[in-house]
Structure formats: C-alpha cells, structure tokens
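Here the sequence shown stands for residues 1 to 161, numbered as in full-length UniProt numbering. Built from N, CA and C at the ideal position, the CB exists for glycine as well. Take a look at the structure below.
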Amino acid sequence: MHHFYSRAYPDHEPSQLETCHVSLTTEMITSYLWLHWREVDPIDGEVYFQVEPIDSAHLHKLRDVAETRKILHNYIDYAMGERLTSIKAALSPFWQNHPARPARRRQSQSSTTTSSLNLQFDMPMTPSSSSRSASPTKKLKRALTDSVYLGDVLIVAILYA
Numbered sequence: 001m002h003h004f005y006s007r008a009y010p011d012h013e014p015s016q017l018e019t020c021h022v023s024l025t026t027e028m029i030t031s032y033l034w035l036h037w038r039e040v041d042p043i044d045g046e047v048y049f050q051v052e053p054i055d056s057a058h059l060h061k062l063r064d065v066a067e068t069r070k071i072l073h074n075y076i077d078y079a080m081g082e083r084l085t086s087i088k089a090a091l092s093p094f095w096q097n098h099p100a101r102p103a104r105r106r107q108s109q110s111s112t113t114t115s116s117l118n119l120q121f122d123m124p125m126t127p128s129s130s131s132r133s134a135s136p137t138k139k140l141k142r143a144l145t146d147s148v149y150l151g152d153v154l155i156v157a158i159l160y161a
C-alpha cells in the first residue's frame with residue numbers, strides 16, 4: 001500500500017493509517033489478531049515493518065470470540081468505507097504516475113528429455129463398482145446436543161454417535 005500511495009501522490013508521504021493492515025491467524029485452540037504497519041526511523045531513515053498483536057481469543061470461550069469479531073467488524077467497516085474510498089480516489093493518479101513498460105516478447109522453450117516423456121498416470125484406487133463383496137460405507141448418526149446464538153452466527157454442537 002505504501003508503494004501504491006507513493007506512486008499515486010509523489011509529493012505526499014502516505015500515513016501509517018493508509019498503509020496498515022490487519023491479519024488473523026488461528027490454530028485449533030486460539031486465534032490472534034495482528035496489526036501490520038511500516039515505520040521509518042527518524043534518525044537514520046531506516047524502514048521497519050512492525051507487527052503487533054491487537055487481540056487474542058480462546059476459541060472455546062464465546063465471549064473471547066465475540067470480542068474478536070467486534071474488532072474485525074469495526075476494521076471491515078473502516079476498510080469498506082473510508083479506506084476503499086481513498087484507494088478508489090488514488091487509482092487514477094496512480095496510473096498517471098505509473099511508467100508504462102514495454103511488453104517483453106520471448107520465444108517459449110520446452111524440455112524434451114526422456115524422463116519427461118515417460119509420465120504414467122494411474123487411476124485413483126477406488127473400489128470397483130462391479131465388486132459384489134464391497135460393503136456400503138456406514139453413516140454416523142448425528143444428534144443435536146446444543147446451540148448458541150452469537151450475534152449473526154448460530155453455533156451448533158453436533159454429537160456423532
């Protein structure tokens with residue numbers, strides 16, 4: 001985003017708010033919400049890319065998940081409103097300040113080694129439809145055990161018997 005805004009407005013340094021972004025990482029138990037931004041050291045002019053956690057949630061605690069969702073919805077509202085308007089406004093100046101590059105023409109090359117000619121494709125291993133001894137797969141019986149309404153998401157726990 002910094003490169004984009006720098007090309008669109010060469011006389012104006014993009015702000016950290018214009019160039020930051022948010023990411024969400026998750027694993028089986030927890031999720032982490034991160035803020036990424038670019039910083040320039042005022043002393044030596046060195047560019048640093050910073051990452052800082054905004055929020056973390058235990059996925060089995062609905063209150064934690066609800067709080068993370070609130071933060072994400074707040075960011076999405078900003079991204080789809082003010083930020084998107086700013087990006088759309090910068091598109092025209094970006095293309096005006098973007099130097100046109102000539103298209104490169106090269107002849108394609110391919111390899112004709114003997115190892116590439118000996119490719120063998122096998123069908124996936126599945127039971128034959130004519131096999132009389134094959135038994136149908138057993139389906140698990142499901143029973144609804146619990147459901148919780150959380151904002152605009154319905155969380156349903158299903159027990160497999």
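Pair within 8 angstroms by beta-carbon distance, residue i and residue j
{"i": "Pro14", "j": "Trp34", "result": "no"}
{"i": "Glu57", "j": "Val65", "result": "One detail in the question is off: residue 57 reads as Ala in this sequence, not Glu. Contact flag set, yes."}
{"i": "Arg7", "j": "Asn97", "result": "yes"}
{"i": "Tyr9", "j": "Ala100", "result": "no"}
{"i": "residue 177", "j": "His36", "result": "In the structure as shown, the chain starts at 1 and stops at 161, and residue 177 therefore has no counterpart that could be examined."}
{"i": "Tyr48", "j": "Glu39", "result": "yes"}
{"i": "residue 171", "j": "Leu59", "result": "Residue 171 lies beyond the range of the chain shown here (1 to 161); nothing can be said about it."}
DSSP state of residue i mapped onto helix, strand, coil
{"i": "Asp41", "result": "coil"}
{"i": "Ile87", "result": "helix"}
{"i": "Leu62", "result": "helix"}
{"i": "Ala57", "result": "strand"}
{"i": "Tyr75", "result": "helix"}
{"i": "Glu27", "result": "coil"}
{"i": "Ile158", "result": "Because the pLDDT of Ile158 is 45, which lies under 50, any placement of that residue in the model is unreliable, and the number read from its coordinates should be weighed accordingly. Strand."}
{"i": "Glu82", "result": "helix"}
{"i": "Glu13", "result": "coil"}
Sequence-distant residues of its chain with Cβ nearer than 6 angstroms to residue i (five each side left out)
{"i": "Glu18", "result": "Tyr5"}
Environment of residue i [buried if 16+ CB atoms lie within 10 Å]
{"i": "Thr26", "result": "exposed"}
{"i": "Thr68", "result": "buried"}
{"i": "Ala161", "result": "Here the model assigns Ala161 a pLDDT of 40, short of 50, so the residue's position is not dependable and the matter cannot be decided."}
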